[in-house]
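Student:
Protein chains: 2
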Amino acid sequence: MSEQPIRASDRAYAALLEEIQSGALPPGTVIGEVEQAERVGVSRTPMREAIRRLSAEGLVRQQSPRVLVVSGFDAADIRALFEARRALEETAARLAAQRGERSAFAALAAAFDRAHPEAGALAADDYYALIARFDAELDAAVDNAYLVSALRTIRTHLARARRLARDNRDRLAASVSEHALIAEAISRGDAELAAHATHVHLHHALSSILHSIDPPSPEGTP
Amino acid sequence: MSEQPIRASDRAYAALLEEIQSGALPPGTVIGEVEQAERVGVSRTPMREAIRRLSAEGLVRQQSPRVLVVSGFDAADIRALFEARRALEETAARLAAQRGERSAFAALAAAFDRAHPEAGALAADDYYALIARFDAELDAAVDNAYLVSALRTIRTHLARARRLARDNRDRLAASVSEHALIAEAISRGDAELAAHATHVHLHHALSSILHSIDPPSPEGTP
DNA sequence: ACCCCGGTTTGCGTATACACAAATGGCAAA
DNA sequence: TTTGCCATTTGTGTATACGCAAACCGGGGT
Chain X
132 MSEQPIRASD RAYAALLEEI QSGALPPGTV IGEVEQAERV GVSRTPMREA IRRLSAEGLV
192 RQQSPRVLVV SGFDAADIRA LFEARRALEE TAARLAAQRG ERSAFAALAA AFDRAHPEAG
252 ALAADDYYAL IARFDAELDA AVDNAYLVSA LRTIRTHLAR ARRLARDNRD RLAASVSEHA
312 LIAEAISRGD AELAAHATHV HLHHALSSIL HSIDPPSPEG TP
Chain B
132 MSEQPIRASD RAYAALLEEI QSGALPPGTV IGEVEQAERV GVSRTPMREA IRRLSAEGLV
192 RQQSPRVLVV SGFDAADIRA LFEARRALEE TAARLAAQRG ERSAFAALAA AFDRAHPEAG
252 ALAADDYYAL IARFDAELDA AVDNAYLVSA LRTIRTHLAR ARRLARDNRD RLAASVSEHA
312 LIAEAISRGD AELAAHATHV HLHHALSSIL HSIDPPSPEG TP
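Residue numbers (the working numbering), protein chains in the order written: chain X, 132 to 353; chain B, 132 to 353.
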């Protein structure tokens with residue numbers, strides 16, 4: 132398709148983003164320009180740009196005026212993230228129901244329904260691919276640069292939460308049927324149902340994540 | 132208080148931001164790194180960073196792979212902006228009512244009430260200062276980095292809308308009393324009233340702006 | 001032994017030089 | 001006159017050099 136020269140700053144950004152999201156660079160890791168530049172194999176200038184981008188998005192914060200570290204991400208952050216996510220996704224669902232291409236969401240609803248019955252057959256990656264497709268359709272339907280841009284940032288952080296919470300099969304299956312309902316509501320133009328189904332979905336997703344990372348008492352935590 | 136060295140990239144960003152918001156750099160203006168760097172009096176490196184920041188925020192967009200221009204801002208953009216703003220501010224108001232420092236908002240409500248009666252005595256700048264204080268309290272009360280960050284971006288764009296719509300006195304007075312109600316609702320912990328009063332306020336604000344920039348027929352537009 | 005002071009080092013912020021790609025203008029040929 | 005090709009120019013992307021400020025470390029004084 133599109134073949135841009137692929138800038139070094141983009142490679143640097145992608146590399147660091149992936150490492151932060153995957154946990155390869157755990158919270159608190161000091162991010163030095165020279166060090167990261169050498170490691171990724173670019174010069175300071177593009178690496179600097181990548182770091183500033185991560186900093187603007189909040190994945191990296193400055194601990195002292197001279198030292199940047201990978202920002203922490205705990206249960207409180209996840210709760211805050213989902214508060215913002217609710218505001219944006221419920222609105223997005225409502226708007227999509229009002230103006231979206233109905234056939235696209237009908238197709239998505241069918242895809243979710245097809246995936247659901249034998250949930251065991253659905254690999255986690257396939258699930259996330261389906262979600263990504265849904266998100267892309269949602270963005271297109273919403274057709275609001277400000278809203279979509281805010282949602283993108285939220286999703287960037289969400290990737291970190293997903294990693295903390297090891298996905299369990301039951302949750303994935305439930306999530307599929309929740310998405311099926313949202314897609315169907317949008318395809319029928321039912322804005323209120325779309326918004327409230329999104330609310331329900333996010334409620335369950337948050338509960339699952341918090342439960343997963345904050346187990347009542349795994350063994351005995353001091 | 133805090134006295135940081137003030138970086139050249141910050142000066143460059145502030146300079147360009149102000150010029151875009153004020154309209155000194157109208158939409159469509161080509162933003163070249165060297166040109167702007169010379170004009171503002173910094174080198175290419177910090178100017179480049181400033182431009183990337185503006186680009187990330189959407190105030191500047193790339194027209195072709197090599198040329199960046201000040202992004203346009205029309206009625207459709209304002210409508211989209213207010214859709215996103217509604218989602219974020221209503222949520223913010225709700226959360227502030229739930230967790231905010233009630234005394235702070237009681238004080239704000241009083242300040243708005245004090246400003247209202249003789250609205251003629253209130254200069255536009257004083258009004259905006261009061262709003263800024265309200266926004267700051269709101270951000271503090273919400274205590275959610277993701278939400279506040281999204282709101283900040285929205286407000287950056289909102290400054291452009293404000294300029295397009297020449298403020299009229301009546302609208303300012305109405306806005307003051309609308310804010311008084313929101314602040315009072317938050318101070319009383321009434322989340323629903325706070326959210327709905329915010330909805331009402333934004334509805335009026337949007338109507339006023341659109342009416343102002345899109346007059347039924349000022350004289351006769353081809 | 002502890003604290004304070006000064007030198008060294010490390011790292012960011014900025015400036016500038018180099019490379020490459022695209023746009024542009026002119027010149028020549030049809 | 002128009003069109004196509006080539007040279008030049010313009011501008012971004014990247015690399016690197018320079019300067020300054022803060023942190024670190026070692027030595028000396030109390």
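All C-beta atoms, glycine included, are put in the ideal place defined by N, C-alpha and C.
Keep in mind it's a predicted model, so treat the numbers as computed, not measured.
1. Thinking C-alpha only, which one of B:H335, B:A311, B:R291 is nearest L156 (chain B)?
2. Applying the 10 Å Cβ sphere with the 16-neighbour rule, what's the burial state of V273 (chain B)?
3. To the nearest angstrom, how far is it from the Cα of A227 (chain X) to the Cα of A322 (chain X)?
4. In whole angstroms, what is the alpha-carbon distance linking S318 (chain X) and T222 (chain B)?
5. Among X:Y144, X:A314, X:A235, X:P177, which has the Cα closest to the Cα of E220 (chain X)?
6. How would you label I137 (chain B), buried or exposed, when you count the other beta carbons within 10 angstroms and need 16 or more for buried?
7. Compile a chain-ordered list of the residues in the region 173–185 of chain X whose CB is closer than 9 Å to at least one CB of chain B.
8. Are the region 295–302 of chain B and the region 227–236 of chain B touching, with three or more C-beta to C-beta distances below 8 Å?
9. Check whether the region 167–177 of chain B touches the region 143–151 of chain B, counting contact only when three or more Cβ pairs, one atom from each stretch, lie closer than 8 Å.
10. Along the region 152–173 of chain X, where does the CB come closer than 8 Å to a CB of chain B? Name the residues.
11. Which residues in the same chain have their Cβ closer than 7 Å to the Cβ of S343 (chain B), if we skip the five residues on either side of it in sequence?
12. Taking 8 Å as the threshold (C-beta atoms), are T329 (chain X) and A224 (chain X) in contact?
13. Name, please, each residue of chain X whose Cβ falls closer than 8 Å to the Cβ of T222 (chain B).
14. With DSSP run on the structure shown, which of helix, strand or coil describes I162 (chain X)?
15. Among the residues of its own chain, which have a CB less than 7 Å from the CB of S339 (chain X), if the five just before and after it don't count?
16. Determine the closest residue to T176 (chain B) out of B:V279, B:S306, B:A242, B:R142, with distance taken between C-alpha atoms.
17. Can you name, in chain order, every residue of its own chain whose Cβ lies under 7 Å from the Cβ of Y277 (chain X), other than the five neighbours on each side?
18. If you follow the beta strand (DSSP E) that S339 (chain B) is in, where does it begin and where does it stop?
19. Could you work out which residue in X:S195, X:A139, X:A316 is closest to F236 (chain X) when comparing CA atoms only?
20. Going by the beta-carbon positions, is the gap between N275 (chain B) and E268 (chain X) smaller than 8 Å?
21. Determine the DSSP secondary structure at S308 (chain X), reduced to helix, strand or coil.
22. Closest to S195 (chain B) by C-alpha separation, out of B:M178, B:G159, B:R179, would be which residue?
23. For S186 (chain X), which residues does DSSP report across the bridge?
24. Over the uninterrupted alpha helix (DSSP H) stretch that includes V201 (chain B), give me the two end residues.
25. Return the residues of the region 263–280 of chain B that lie within a Cβ-Cβ distance of less than 7 Å from chain X, sorted by chain order.
26. Could you list which residues in chain X have their beta carbon closer than 9 Å to that of G320 (chain B), in chain order?
27. Where do the N-terminal and C-terminal ends of the beta strand (DSSP E) with R319 (chain B) fall, by residue?
28. Kindly list the residues whose CB is nearer than 7 Å to the CB of H335 (chain B), restricted to its own chain and excluding five residues on each side of it in sequence; keep chain order.
29. At a Cβ threshold of 8 Å, is I137 (chain B) touching chain X?
30. Could you check which residue in X:L212, X:A211, X:A281, X:L185 has the C-alpha nearest to that of E164 (chain X)?
31. Cα separation between R286 (chain X) and G203 (chain X)?
32. Name the chain B residues whose beta carbon is nearer than 7 Å to that of G189 (chain X)?
33. Buried or exposed: which applies to A263 (chain X), given that a residue is buried once 16 or more other Cβ atoms fall within 10 Å of its Cβ?
Tutor: On the basis of the coordinates in this document:
1. B:R291
2. buried
3. 8 Å
4. 26 Å
5. X:A314
6. exposed
7. T176, R179, E180, R183, R184
8. no
9. yes
10. none
11. A296, R297
12. yes
13. E214, A215, R217, A218
14. strand
15. A296, R302
16. B:R142
17. none
18. No beta strand (DSSP E) holds S339 (chain B); the alpha helix (DSSP H) holding it covers 322–344.
19. X:A316
20. no
21. helix
22. B:G159
23. DSSP, once it has assigned bridges, lists no residue as partnering S186 (chain X).
24. Where V201 (chain B) is concerned, there is no enclosing alpha helix (DSSP H), although the beta strand (DSSP E) it sits in stretches over 198–201.
25. N275, A276, Y277, L278, S280
26. Simply none; closest approach about 17 Å.
27. It is not in any beta strand (DSSP E) - R319 (chain B) carries neither H nor E in the DSSP assignment.
28. A305, E309
29. no
30. X:L185
31. 16 Å
32. A276, S280
33. exposed
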